[in-house]
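Shown next, in structure tokens, is the structure this report addresses.
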Amino acid sequence: MEPQQLLIRAPVTRSAWIAGMLAAIALAACSEHPWNSPYPAQQADQNILYSSFSERPKHLDPAQSYSSNEVVFTGQIYEPPLQYHFLKRPYQLEPLTAARLPAPYYLDQAGRRLAADSPAADIAFSVYDIEIKPGIRYQPHAAFARNAQGRYLYHELSGADLDRINTLADFAETGSRELVAADYVYQIKRLAHPRLHSPIFGLMSEYIDGLQEYAETLEQADRQQQSRQAQQLFLDLRDYPLSGVQVLDRYRYRVKIRGKYPQFLYWLAMPFFAPLPWEAERFYSQPGMSERNITLDWYPVGTGPYMLTVNNPNRQMIMQRNPNFHGERYPREGEAGDREAGLLADAGRPLPLIDTVIYSLEKENIPTWNKFLQGYYDASGVSSDSFDQAIQIGSGGDISLTPELREKGIQLNTAVATSISYMGFNMLDPVVGGDSERARLLRQAIAIAMDYEELISIFANGRGIPAQGPLAPGIFGYREGQAGINPYVYNWSGRGPQRKPVEEARRLLAKAGYPDGRDVETGKPLALYFDTTGGGPDDAARLNWIRKQFAKLDIQLQIRNTDYNRFQDKMLKGTAQIFQWGWNADYPDPENFLFLLYGNNGKVEHNGENAANYRNAEFDRLFERMKNMENGPERQQVIDRMVEILRHDAPWVFGFHPKQFVLYHDWYHNAKTNLMANNGLKYRRIDPQLREQKRQAWNQPVVWPLGVLGLLLVLAMLPAVIAYRRHENQRVQAVQS
Amino acid sequence: MLAYVVRRALYAIPILVGVNLITFFLFFVVNTPDDMARMHLGMKRVTPDAIEKWKAERGYDRPLLYNAQADGSDRLTATIFFDKSVRLFGFDFGSSDAGRNIGADIKQRMWPSLAIALPQFLVGLLVYVSFAMLLAFFRGSYLDVSGVVLCVVLMSISGLFYIIAGQYVFSKLLHLFPVSGYEPGWLAWRFILLPVVIGVIAGLGSSGRVYRTFFLEEIGKDYVRTARAKGVPETRLLFRHVLKNAMVPILTGVVVVIPTLFMGSLIMESFFGIPGLGSYTIEAIQNQDFAIVRAMVFLGSVLYILGLLLTDISYTLVDPRIRLS
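So the protein sequences, as listed, match chains R and B. Using my numbering, the first residue of the first sequence is number -16, and each one after it goes up by one. Using my numbering, the first residue of the second sequence is number 4, and each one after it goes up by one.
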């Protein structure tokens, strides 16, 4: 009986399979759902935001994550104590999980409390007592799951328990618990964890009292633990106290900072200082978890508005509303014009406004752009490939959308990024570097000759503004208008800053001892070296353009193009001469730009971020003063002087501040760009019904060309088939005759 | 045959050691362990101490090939090369330098690659052979000439053009297929159809022309003339005799790629958003992840050797005169 049954079953299964496939195709063909939709039909009317990413985020662990493509995710999942106000400008910090903005008090070396207005030199320690709101709960997670006896279900897993586990979702039970101050302390301790290599450990160990020594303690403890156990197991940081960071009670913790460091508040708005429950680290540290790629770096655990439910960065990353989110509401006030722009229409509504966010991997620009135009992505950047299709620039330089996009109801948001792209001179170089008058004049001449207006127009499609100094617009200390121009490179005219003529640059060059680009001492032509990376066609055009800028001064520019490793090596050793670099601000404070030229941050000497290795005693003295000052006229005065020193010394050719262009459909709301906040997703709103209507209107299938194509193929074959039949018949007739 | 297979397997060992050694040299000529550490730790605020610790944790603080400070066999074994290579021969790929399990990643990503590559391979083979036989059948006619011209035109166009044009026409203009994306399971057909069609069309020019040549060569042979003289119909002649005998050169190029099908296609997968293995190695090279690079090159070599072995075996199936010894 058995073989017969098998014989019968096999064809039924196959036919069922074929029938299933045909039914699926038929259903797809008959449904109103657009054929070219990349999403399942059941998602059509759901409150889902669709977006894309082009590169896998390397880290999702808040102690390690630092890149902008990572905070897109970590910013929505983890909640540091502070955040930036979504609407107000200039950027303002406000409490997120903190009950209020922490105000530091100061101590002297003996631990005596100082007045709030004490001079920075007298302050040995700044103490921040941070109180968090009660009742905030973590997202549901297996690490918190407990049984009826209160024991953790998944903290003592054996190899057999993990047999059927491949992803975090395979754990059947989840739990949650209230956020407590100890979780923030735990995370700060993790910055010193010997196996995490937090990028801000070096910086924070200079400020957080005892963090450096704490790292040594943990390293020793980790070594001892590893010598006892073959596998790296859970290093419970609760067992190792950190002198500068303490739990005061269930909802309060204290951070003791060396000296005065007002910028610390900005760090408290970054995921580095978000809470991390010890249970999560305990859970992920179990043997067998990392072999299954179940790690904290892959599956974050937070209190934020969203939780990462699918992490397949080779295809999709899906964030869903955290059911335990603590009921934060949309802001009730913004800056002038926000109400008129509809940005306060959702005032007071509980956040987040979107249920699910689906990020799909799109490595190429063209498919991403096409899907945005079809309505399958809600917002998009503008790549160079699609710039002409999207943007038109008027004769007066005014920027607007093309009629095709306007017809679709697409809107454009622009914002000047808080970043700078610059050309640096290695100040250790004997020709372009140093503080001699000759080298300074040479640098100034080059600064005039480098026509960044042209570069922005040719290579950035006009998306940028020429920089007048190191500070980006929107940062305290940045000056607009005539007061803000670099007088060594620009003249002021009624139309704004005008770059000085090349003749002025040639005059400076001659004064420096290089008339017509020749060294008066040796009579040889002046040859300079530009160190760079990248050898693609786009790079070749850009490098050629740079060479032409130097040629205006009859300077021969040799391009030394290397791979990124060699370039980094040159920068670290100080053997590069002229280079191009950039900086994206961590926080909206002038300190975060001006430290790039602080002498003690020199790359060669201190492995810091001062790639030009610039050192000026007055600038350094002013920097040390400025970094501890509150924003106000006095600080502005100091910054003005610092910027003047830099313009005069010209260690950089201040390149340009890039401008971000964001396009979004008319069903996408609250699209205001906030370049500092990394948790803006919770404020966005979409209208799924309108989106579905437009998708259907824009994506009706057109099938008749396929019929025409098929007909053409048949027609092309027909004479051949006739000829063959005739040939076959002829042969038969010949045989018969 | 078993003895032959065993002998070929043993031959593979020095080849794999050589491939491993070349990969190792090429990688470390371009990248130093310091560069790798910098790439993994990020570009901002990385300290030399963090770089040293990263290297020590992953064994990149050892000498590359020879450890002069060690004793005895440790001089060869306490090196990066030995440490990173030996386990590969047991197909234990270990963890990437970023800490992910490479074997698990390969298992996860190979299925979407196969979902595209296998139908493309099978449909492509069927279409190319049929097309070439059609041209051979109508040899010398306008259809043959047009077909050859079409092949030359198709061969002259970049593969990227087919993808971009295909997406433009079928997805953007006609709205018939999604531009890109992927769904696991049965729903994958919606995303697979267009890349498969484009892949088949893109390969039609070169394969169609080559196979046509194979068929024409067979058609000109004496046994075909004899069969025709005996009155065997032309269609039967082609399918029964010519096709079977032309299979030997066709198999040379076809069977060898079968084991490597799941390695995926970089450009196709990138443009169509297929979460396969196609970009795995390139991403690893860009991220300076030596663990993945060596694992994928090793795997590619093993599969290629397997493909060559299968090709030899397949010859015996289509041509009884061939014996493996």
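A virtual CB, placed ideally from N, CA and C, is assigned to each residue, including glycine.
Alpha-carbon to alpha-carbon, M302 of chain R and R668 of chain R
Across the structure, R668 of chain R and M302 of chain R are spaced so that their CA atoms are roughly 15 Å apart.
If you run the structure through DSSP and keep just helix, strand and coil, what is V238 of chain R?
strand
Who are the neighbours of E345 of chain R on chain B, taking C-beta pairs under 8 Å?
Neighbours of E345 of chain R on chain B, chain order: S183, G276.
H631 of chain R, enclosing alpha helix (DSSP H) - first and last residue:
Unbroken alpha helix (DSSP H) run through H631 of chain R: 616 to 632.
Does N548 of chain R come within less than 8 Å of chain B when only Cβ atoms are used?
yes
Taking just the CA atoms, how far does G460 of chain R sit from P73 of chain R?
G460 of chain R has its alpha-carbon roughly 12 Å from the corresponding atom of P73 of chain R.
DSSP three-state assignment for H589 of chain R, whether helix, strand or coil:
helix
Taking the beta carbon of H16 of chain R as the centre, do at least 16 other beta carbons fall within 10 Å, making it buried, or is it exposed?
buried
Return no unless some Cβ of chain B is closer than 8 Å to the Cβ of P(-14) of chain R.
Residue placement at P(-14) of chain R cannot be trusted, given a pLDDT of 34 that sits under 50; what the coordinates show is reported in the next sentence. Contact with chain B is absent for P(-14) of chain R, since none of that chain's Cβ atoms lies less than 8 Å from the residue's Cβ.
Buried or exposed: L251 of chain R, going by 16 or more other Cβ atoms within 10 Å of its Cβ?
buried
Cβ atoms of L302 of chain B and S282 of chain B: under 8 Å apart, would you say?
no
Along chain R, in chain order, which residues have C-beta atoms closer than 7 Å to that of L44 of chain B?
H180, P182
How is the beta strand (DSSP E) around T80 of chain B delimited, first residue to last?
Premise fails: T80 of chain B lies in the alpha helix (DSSP H), 77 to 80, not in any beta strand (DSSP E).
Element boundaries [alpha helix (DSSP H), containing D86 of chain B]:
83 to 88
Below 6 Å CB to CB, which residues in the same chain sit around R10 of chain B once its five sequence neighbours on both sides are set aside?
Excluding residues within five positions, none has a Cβ falling inside 6 Å.
Going by the DSSP bridge assignment, what does Y473 of chain R pair with across the sheet?
R:R482
Write down the C-beta distance between F242 of chain B and A139 of chain B rounded to the nearest angstrom, noting that I regard them as a contact closer than 8 Å.
So it is not a contact: roughly 11 Å between Cβ atoms.
Can the beta-carbon of E156 of chain R be found closer than 8 Å to that of L136 of chain R?
yes
Run through DSSP, which three-state label would G457 of chain R get?
coil
Please confirm if W57 of chain B has its CB atom under 8 Å from at least one CB of chain R.
yes
Interface partners of T35 of chain B on chain R, CB under 9 Å
N548, D552
Please classify W721 of chain R: is it buried, with 16 or more other beta-carbons within 10 angstroms of its beta-carbon, or exposed?
The structure shown does not extend to residue 721 of chain R, since chain R is modelled only from -16 to 720, so the question has no answer here.
Reduced DSSP secondary structure (H/G/I, E/B, other) of A319 of chain R:
coil
I need the DSSP call for R221 of chain R, collapsed to helix, strand or coil.
helix
Any C-beta of chain R under 8 Å from that of D95 of chain B
no
With a Cβ-Cβ cutoff of 8 Å, do L395 of chain R and F644 of chain R count as a contact?
Between L395 of chain R and F644 of chain R, the gap from beta carbon to beta carbon is short of 8 Å.
Along the segment 556 to 568 of chain R, what residues have a CB closer than 7 Å to any CB found in chain B?
Of all residues in the segment 556 to 568 of chain R, none comes within less than 7 Å of chain B when Cβ atoms are compared.
Can you grab the Cα-Cα spacing for the pair M410 of chain R / P498 of chain R, in whole Å?
The alpha-carbon atoms of M410 of chain R and P498 of chain R are separated by roughly 22 Å.
Using the Cα positions of Q719 of chain R and G234 of chain B, report the straight-line distance between them to the nearest angstrom.
Note that Q719 of chain R scores 49 on pLDDT, short of 50, meaning its location in the model is unreliable and no value can be drawn from it.
Quick one: grab the DSSP three-state call for T3 of chain B.
Missing from the structure shown is residue 3 of chain B; chain B here goes from 4 to 328 and no further.
Which partner residues does T314 of chain B have in the DSSP bridge list?
None, per the DSSP bridge assignment.
Taking Cβ positions, are I105 of chain B and I295 of chain B nearer each other than 8 Å?
yes
Just the Cα atoms here: how many angstroms apart are T82 of chain B and N70 of chain B?
6 Å
Can you tell me which residues form a DSSP beta bridge with M300 of chain R?
R:N294, R:Y342
Residues that DSSP places opposite R96 of chain R in a beta bridge:
R:L90
Are the C-beta of N295 of chain R and some C-beta of chain B separated by less than 8 Å?
It does: the Cβ of N295 of chain R has a partner Cβ on chain B nearer than 8 Å.
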